[in-house]
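Participant: Handing you a structure now.
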Amino acid sequence: MIGNLLRLIPAEHRSVLISYTALTFVSVILRAAAALLLVPLLGALFNVTPADALTWLGALTAVTAVGWVVDMTLARIGYRIGFALVNDTQHRMADRLTDIPLGWFTADNTAMARQAIAASAPDVVAFVANLLTPFLGAVLLPAAITVGLFFVSWQLGAAAAITLPLLLGALVASQRIVRAADAADSRAHNALTERILEFARTQQALRASRRATAARSQTGATVTAAQGATMRLLLFQIPGQLLFSVASQIALIALAGTITTLAVRGGIGAPEAVALLIVTVRFLEPFTVLADLSTAVESSRGVLANLRSIIDGPRSAQSADGAGSRIGNSPRIEFRDVSFRYDGSDTDVLSGLNFVLEPGTTTAIVGPSGSGKSTILSLIAGLHTPDRGQILVDGTDIGELDARTRRELVSMVFQHPYLFDGPLKDNIRAGHPDADDKDVRDAMALARVDEIVSRLPDGDTTRVGEAGAALSGGERQRVSIARALVKPAGVLLIDEATSALDNENEASVTDAIRDDPRGRTRVIVAHRLGAIRNADQVLFIAEGMIVEQGGIDELTQRGGHFAEFWRKQEKSSGWRIASVRA
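Quick note on this note's numbering: the sequence shown kicks off at 69 and runs consecutively.
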């Protein structure tokens with residue numbers, strides 16, 4: 069935990085951390101001294117000259133006052149470090165999340181990242197400012213008192229030195245007993261967060277299927293699992309608490325017995341014995357504090373570990389010198405024996421792909437569902453990395469391009485577009501934040517979004533709602549196409565982007581993509597013939613392999629897989645719902 073904290077603290081605040089650590093040791097020494105000063109104070113108070121106690125009282129007052137000043141300074145430094153840590157960590161996380169390969173974003177990692185980002189600010193500040201100082205003090209104070217007891221009585225110091233590892237060992241053992249259950253509880257609640265968000269997002273579909281009740285959905289099962297994980301965590305805390313309680317009682321008996329023995333044998337007087345019993349209580353108090361803090365500290369440990377896992381997550385490849393400058397405006401893309409499988413899978417999604425996308429041409433990728441078409445687009449976009457083979461962009465391996473170069477290279481229209489809650493034109497400008505109004509209007513016209521704008525109450529400043537809820541599915545697709553067209557990228561990737569459009573709009577958008585003045589290299593994944601009618605070449609994919617490749621006319625005349633696909637598409641386009649008379 070401390071190691072994670074040290075790695076997360078910004079370099080410019082390391083010197084402040086040194087001051088914080090030094091003041092923590094000073095605070096611990098002062099508190100130990102305040103406790104041990106009770107021994108000569110009570111001894112002098114009950115001596116023949118009680119006035120001698122005033123000297124020790126003055127020393128105790130001075131030590132206590134200095135301790136207050138040190139503790140106040142520690143609190144200010146703690147908040148300073150905490151806020152600096154939050155500011156730096158959140159910026160670093162934001163930068164890292166844009167650079168981590170998409171394969172990292174599994175359901176568990178996504179939930180963990182969401183929890184870490186949401187909880188990082190309050191948890192990190194609270195840990196450094198409110199937990200770290202008492203935690204370190206509780207760990208160090210018994211050791212400091214033990215050293216001081218050797219100056220009072222070596223027998224008592226030895227007894228404290230023996231019980232110290234016993235108490236720390238019991239505390240560590242109790243935490244290890246709980247740690248596995250705590251990790252399981254954290255995973256269960258991460259899953260619950262994802263399920264609740266999913267349950268909220270899919271209310272329309274759930275209500276339509278009469279499954280809107282949480283108890284009847286997977287959310288209910290996840291709630292039950294989270295409750296079970298919490299119950300197991302509480303049950304696992306019992307043996308740890310029992311172990312620590314027994315160790316504390318053993319330590320109390322050992323120290324009190326040593327003090328009593330010394331008093332009976334005349335080694336110390338009665339006043340000193342009373343003072344040492346108070347010191348014994350002060351010796352044991354920090355372990356109770358540690359036990360009380362353990363839950364909060366364990367939670368903070370998990371937050372710090374999650375932050376580290378994001379910041380130290382896998383990095384995208386770094387570009388070779390000048391690699392980005394060698395990429396043209398309409399690059400040539402070549403797949404050389406490319407194979408790929410998703411993490412956790414034993415089967416290749418793509419196997420031994422070899423093809424070339426010539427500059428400025430349109431390539432259509434067709435085939436049955438699940439054959440790997442969208443995965444090819446993800447590889448071109450650099451969202452995933454091939455397991456074998458090479459993807460060359462104007463002769464440069466795509467792995468040599470950094471994340472920024474890949475993002476600038478490709479503009480992509482996803483099968484399920486996502487729009488942000490804001491004005492329609494801002495959703496389009498998101499593809500190229502530096503685009504002027506003319507660029508946005510041109511992209512709107514190409515994607516037939518201007519027709520949508522004419523019907524909206526506030527034109528292109530109309531808010532589209534969360535995820536574009538104020539627009540229809542076809543309208544959202546046209547907005548996403550305009551967003552892709554406004555971006556000055558050399559490669560345009562389109563994944564089933566016209567599937568929700570009617571025939572007229574599909575034809576218009578397809579022509580717009582063909583006539584795009586940027587002359588990009590275009591790749592289209594589609595099931596409908598209308599979307600690929602302008603393609604220069606077709607790749608027919610089946611079971612992750614290219615089974616046919618060529619022009620549309622060539623493949624239809626060949627009579628193979630694509631010809632059968634074409635025939636079925638033409639046949640289905642003529643389907644009509646016939647009226648049936650009784």
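Note that beta-carbon positions come from the ideal geometry of N, C-alpha and C, so glycine has one too.
Near Gly-150, what residues of its chain come up, given a Cβ to Cβ distance below 8 Å and the 5 sequence neighbours on each side ignored?
Facilitator: Residue numbering aside, residue 150 sits at position 82 when the sequence shown is read from its first letter. If we look at Gly-150 and ignore the five residues flanking it on each side, its Cβ neighbours are Val-192, Val-193, Ala-194, Phe-195, Val-196 and Ala-197.
Participant: Report yes or no: do three or more beta-carbon pairs, one from the segment 461–469 and one from the segment 487–500, lie closer than 8 Å?
Facilitator: no
Participant: Helix or strand or just coil, what does DSSP make of Ala-206?
Facilitator: Stepping through the sequence shown from its first residue, residue 206 is reached at position 138. Ala-206: helix per DSSP, three-state reduction.
Participant: Alpha carbon to alpha carbon, how far is Met-512 from Ala-552?
Facilitator: Against the sequence shown, residue 512 aligns to sequence position 444. Against the sequence shown, residue 552 aligns to sequence position 484. Straight-line measurement puts the Cα of Ala-552 at about 11 Å from the Cα of Met-512.
Participant: What residue does the alpha helix (DSSP H) around Gly-542 start on, and which one ends it?
Facilitator: Taking the first residue of the sequence shown as position 1, residue 542 is located at position 474. Its alpha helix (DSSP H) spans residues 541–554.
Participant: Which word fits Gly-587, buried or exposed, when buried means at least 16 other C-beta atoms lie within 10 angstroms of its C-beta?
Facilitator: The residue you call residue 587 lines up with position 519 of the sequence shown. Note on Gly-587: under 16 other CB atoms within 10 angstroms of its CB, so exposed under the neighbour-count rule.
Participant: First and last residue of the alpha helix (DSSP H) that includes Ile-614?
Facilitator: Your numbering for residue 614 matches position 546 in the sequence shown. Note, Ile-614: premise wrong, no alpha helix (DSSP H); beta strand (DSSP E) at 613–618.
Participant: How many angstroms separate the CA atom of Asn-669 from the CA atom of Ala-557?
Facilitator: Residue 669 lies beyond the stretch modelled for the chain, which goes from 69 to 650, so this question has no answer here.
Participant: Answer with buried or exposed for Glu-616, where buried requires no fewer than 16 other C-beta atoms within 10 angstroms of its C-beta.
Facilitator: By one-based count along the sequence shown, residue 616 stands at place 548. The residue in question, Glu-616, is buried, as its Cβ has 16 or more Cβ neighbours within 10 Å.
Participant: Just the Cα atoms here: how many angstroms apart are Asp-408 and Ala-449?
Facilitator: Here residue 408 corresponds to residue number 340 of the sequence shown, with the count starting at 1. Here residue 449 corresponds to residue number 381 of the sequence shown, with the count starting at 1. Before going on, a small fix: residue 408 reads as Phe here, not Asp. If you take the alpha carbons of Phe-408 and Ala-449, they lie about 14 Å apart.
Participant: Taking a contact to mean a Cβ-Cβ separation below 9 Å, would you say Lys-555 touches Ser-479 in this structure?
Facilitator: In the sequence shown, counting from the first residue as 1, residue 555 sits at position 487. In the sequence shown, counting from the first residue as 1, residue 479 sits at position 411. Against a cut-off of 9 Å, the Cβ pair of Ser-479 and Lys-555 comes out as a contact.
Participant: Kindly list the residues whose CB is nearer than 7 Å to the CB of Val-349, restricted to its own chain and excluding five residues on each side of it in sequence; keep chain order.
Facilitator: Residue 349 sits at position 281 when you count from the first residue of the sequence shown. Hits under 7 Å: none found.
Participant: When DSSP labels each residue in this structure, what does Asn-422 get in the three-state scheme?
Facilitator: For the purposes of this step, residue 422 is taken as residue 354 along the sequence shown, with counting starting at 1. Correct three-state label for Asn-422: strand.
Participant: Is Asp-604 helix, strand or coil when you go by DSSP?
Facilitator: Translated into the one-based positions of the sequence shown, residue 604 becomes position 536. Reduced to three states, the DSSP call for Asp-604 is coil.
Participant: I'd like the list of long-range same chain contacts for Arg-653, defined as Cβ closer than 8 Å, with 5 residues on each side in sequence excluded.
Facilitator: The question about residue 653 has no answer, for the chain in this structure spans 69 to 650.
Participant: In angstroms with no decimal places, state the Cα-to-Cα distance between Val-591 and Leu-425.
Facilitator: For the purposes of this step, residue 591 is identified with residue 523 of the sequence shown, where counting begins at 1. For the purposes of this step, residue 425 is identified with residue 357 of the sequence shown, where counting begins at 1. Whole-angstrom Cα-Cα distance: 8 Å.
Participant: Output the distance between the C-alpha atoms of Trp-634 and Glu-468, rounded to the nearest integer angstrom.
Facilitator: For the purposes of this step, residue 634 is taken as the residue at position 566 of the sequence shown. For the purposes of this step, residue 468 is taken as the residue at position 400 of the sequence shown. Between Trp-634 and Glu-468, the C-alpha separation is close to 39 Å.
Participant: Pull up the distance between the alpha-carbon of Ala-268 and that of Ala-289, whole angstroms please.
Facilitator: Along the sequence shown, read from residue 1 onward, the residue named residue 268 stands at position 200. Along the sequence shown, read from residue 1 onward, the residue named residue 289 stands at position 221. When rounded, the distance between both Cα atoms is 16 Å.
Participant: Which residue's Cα is closest to the Cα of Val-116: Gly-619, Pro-339, Val-332 and Val-96?
Facilitator: Taking the sequence shown and counting its residues from 1, the one referred to as residue 116 is at position 48. Comparing Cα-Cα distances from Val-116 to each of Gly-619, Pro-339, Val-332 and Val-96, the minimum goes to Pro-339.
Participant: Closer than 9 Å, CB to CB, is Phe-195 near chain D or not?
Facilitator: Absence of chain D from the displayed structure is noted, only one protein chain being present.
Participant: Pick out whichever of Val-94, Asp-507 and Ala-631 has its Cα sitting closest to the Cα of Asp-139.
Facilitator: One-based indexing of the sequence shown puts residue 139 at position 71. The option with the nearest alpha carbon to Asp-139 is Val-94.
Participant: Name the DSSP beta bridge partners of Ile-459, please?
Facilitator: For the purposes of this step, residue 459 is taken as the residue at position 391 of the sequence shown. Beta-bridge pairing links Ile-459 to Phe-403.
Participant: Between the segment 602–610 and the segment 625–633, can you find at least three pairs of beta-carbon atoms closer than 8 Å?
Facilitator: yes
Participant: Look at the alpha carbon of Ala-538 and the alpha carbon of Arg-531, and state the distance between them as a whole number of angstroms.
Facilitator: In the sequence shown, counting from the first residue as 1, residue 538 sits at position 470. In the sequence shown, counting from the first residue as 1, residue 531 sits at position 463. Ala-538 and Arg-531: Cα-Cα distance of roughly 8 Å.
Participant: Rounding to the nearest angstrom, what Cα-Cα distance links Leu-465 and Lys-441 in this structure?
Facilitator: Sequence index remark: in the sequence shown, residue 465 carries index 397 (1-based). Sequence index remark: in the sequence shown, residue 441 carries index 373 (1-based). At residue 465 the sequence reads Asp, which differs from the Leu that was named. About 21 Å.
Participant: I'd like to know whether the C-beta atoms of Glu-564 and Ala-594 end up nearer to each other than 9 Å.
Facilitator: Counting from 1 along the sequence shown, the entry for residue 564 is found at position 496. Counting from 1 along the sequence shown, the entry for residue 594 is found at position 526. Yes, the Cβ-Cβ distance between Glu-564 and Ala-594 is below 9 Å.
Participant: Pop quiz: Thr-589 and Ile-401 are said to be a contact at Cβ under 8 Å. What is the actual Cβ separation, rounded to whole angstroms?
Facilitator: Residue 589 sits at position 521 when you count from the first residue of the sequence shown. Residue 401 sits at position 333 when you count from the first residue of the sequence shown. Right, the Cβ-Cβ distance comes to about 6 Å (below 8 Å), so this counts as a contact.
Participant: Please classify Phe-312 as buried or exposed, where buried requires at least 16 other C-beta atoms within 10 Å of its C-beta.
Facilitator: Here residue 312 is taken as the residue at index 244 of the sequence shown, counted from 1. Classification of Phe-312: buried, given that the 10 Å Cβ count is 16 or more.
Participant: Could you check the C-alpha separation between Ala-102 and Val-314 for me, to the nearest Å?
Facilitator: Against the sequence shown, residue 102 aligns to sequence position 34. Against the sequence shown, residue 314 aligns to sequence position 246. About 28 Å.
Participant: Cβ atoms of Ala-256 and Ala-211: under 9 Å apart, would you say?
Facilitator: On the sequence shown, residue 211 is found 143 positions in, with the first residue counted as 1. On the sequence shown, residue 256 is found 188 positions in, with the first residue counted as 1. The answer is no: Cβ separation not under 9 Å.
Participant: Roughly how many whole angstroms lie between the Cα atoms of Ser-393 and Asn-422?
Facilitator: Residue numbering aside, residue 393 sits at position 325 when the sequence shown is read from its first letter. Residue numbering aside, residue 422 sits at position 354 when the sequence shown is read from its first letter. Its pLDDT being 49, under 50, Ser-393 is placed unreliably in this model, and the coordinates cannot settle the point.
Participant: Should His-500 be labelled buried (16 or more other beta-carbon atoms within 10 Å of its own) or exposed?
Facilitator: Along the sequence shown, read from residue 1 onward, the residue named residue 500 stands at position 432. Classification for His-500: buried.
Participant: Around the Cβ of Glu-543, are there at least 16 other Cβ atoms within 10 angstroms (buried) or fewer (exposed)?
Facilitator: The sequence position of residue 543 within the sequence shown is 475, counting from 1. Under this definition Glu-543 is a buried residue.
Participant: Measure the Cβ-Cβ separation of Ala-114 and Leu-235 and say whether it is below 9 Å.
Facilitator: Locating residue 114 in the sequence shown gives position 46, counting from the first residue. Locating residue 235 in the sequence shown gives position 167, counting from the first residue. It should be pointed out that residue 114 corresponds to Phe in this sequence rather than to Ala. Remark: C-beta atoms of Phe-114 and Leu-235 do not approach each other more closely than 9 Å.
Participant: Identify every run of the alpha helix (DSSP H) within the segment 460–517, keeping only runs that are complete inside it and at least 4 residues long; order them along the chain.
Facilitator: 471–477, 492–497 and 505–514
Participant: Taking DSSP as the reference, what is the three-state secondary structure of Ala-268?
Facilitator: Locating residue 268 in the sequence shown gives position 200, counting from the first residue. Here Ala-268 sits in helix by DSSP.
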